[in-house]
Amino acid sequence: MLTTLFSCSKDNWALADDEYVFVDWKTVVYANIIDGDKFTHPAISQPTYIFDDERNELSFYEHDYGHFNFDALEVIKGSQMIMTGGIGVNGGGEAGGLKDYYNIPTENRVYSILDLNSDGTIHLSLNDGTPVTLGVREEWIDITKKIESHDYYDGNSYVTTIVEITTTRTITNYGILKKSGIKILH
Numbered sequence: 013m014l015t016t017l018f019s020c021s022k023d024n025w026a027l028a029d030d031e032y033v034f035v036d037w038k039t040v041v042y043a044n045i046i047d048g049d050k051f052t053h054p055a056i057s058q059p060t061y062i063f064d065d066e067r068n069e070l071s072f073y074e075h076d077y078g079h080f081n082f083d084a085l086e087v088i089k090g091s092q093m094i095m096t097g098g099i100g101v102n103g104g105g106e107a108g109g110l111k112d113y114y115n116i117p118t119e120n121r122v123y124s125i126l127d128l129n130s131d132g133t134i135h136l137s138l139n140d141g142t143p144v145t146l147g148v149r150e151e152w153i154d155i156t157k158k159i160e161s162h163d164y165y166d167g168n169s170y171v172t173t174i175v176e177i178t179t180t181r182t183i184t185n186y187g188i189l190k191k192s193g194i195k196i197l198h
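Residue numbers 13 to 198, in our numbering, belong to the letters of the sequence shown in order.
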């Protein structure tokens, strides 16, 4: 039985009641000291979900996302932030979250989900206007590098450390999945 929650303009169809789309956004920030001996990332620690891409299973804790309306759910977007670095880099960690969507198209301050095809292809627009179209299991990758100067007090005086920050943003479309693959942990 199909439920017409939305009608996709690309090929005029609707998700089945037992289906949803999972799109995962991962940002990895890697710091490498160029000059100096110390750099500290902000400490983060809040991984809130696990996606097993071999089994197509999404697991999360009920207290974090028990409010999801699974009957009407169309898209789940995962977000992960990983901060790490080379020798002399402290802090960092991993944090993440899930966002539920019930209508396509939809938008927020970072991206818009514009459309979805019956083969699982998703059409996005990033906040800078960059269009992104991803088939099932396809990735979009953006890598930026910048040099930053950071001062810290070593107990006697201020010391400057020069750091190269590499930010890798990856969006992966896992396509149309069965809601039965959603595992709520207690």
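Beta carbons: idealized from backbone N, C-alpha and C, even for Gly.
Keep in mind it's a predicted model, so treat the numbers as computed, not measured.
Residue span of the beta strand (DSSP E) that contains residue i, given as start and end
i             : result
isoleucine 2  : The structure shown does not extend to residue 2, since the chain spans only 13 to 198, so no value can be given for it.
valine 148    : From DSSP, valine 148 is part of no beta strand (DSSP E); its letter is neither H nor E.
threonine 39  : 31-47
threonine 180 : 170-190
threonine 52  : 51-58
leucine 138   : 134-138
Residue of the options minimising C-alpha distance to residue i
i                : options                          : result
leucine 189      : Ile155, Gly98, Asn120 and Phe82  : Phe82
phenylalanine 34 : Pro143, Val171, Ile125 and Thr96 : Ile125
valine 144       : Asp30, Trp37, Tyr32 and Asp29    : Trp37
tyrosine 186     : Asn68, His53, Glu160 and Ala55   : Asn68
serine 91        : Thr182, Asp127 and Glu119        : Thr182
tyrosine 32      : Ile94, Leu85, Pro117 and His53   : Leu85
aspartate 49     : Thr184, Tyr165 and Asn115        : Tyr165
Test item: CB-CB of residue i and residue j under 9 Å
i              : j                : result
threonine 96   : glycine 109      : no
isoleucine 196 : phenylalanine 72 : yes
lysine 158     : isoleucine 174   : no
isoleucine 194 : leucine 27       : no
Where residue i sits in the DSSP three-state scheme
i              : result
lysine 195     : strand
glutamate 66   : coil
tryptophan 152 : strand
aspartate 83   : coil
alanine 107    : strand
Rounded Cβ spacing between residue i and residue j (contact assumed at less than 8 Å)
i             : j           : result
threonine 179 : valine 41   : 5 Å
tyrosine 123  : leucine 146 : About 12 Å separates the two Cβ atoms, so there is no contact after all.
Within-9 Å CB hit, residue i to chain E
i           : result
glycine 100 : This model lacks chain E altogether, as it is built from one protein chain only.
Cβ-heavy atom distance, residue i to the ligand PLP, below 8 Å
i                : result
phenylalanine 51 : The ligand PLP is not part of this structure, which contains no ligands at all.
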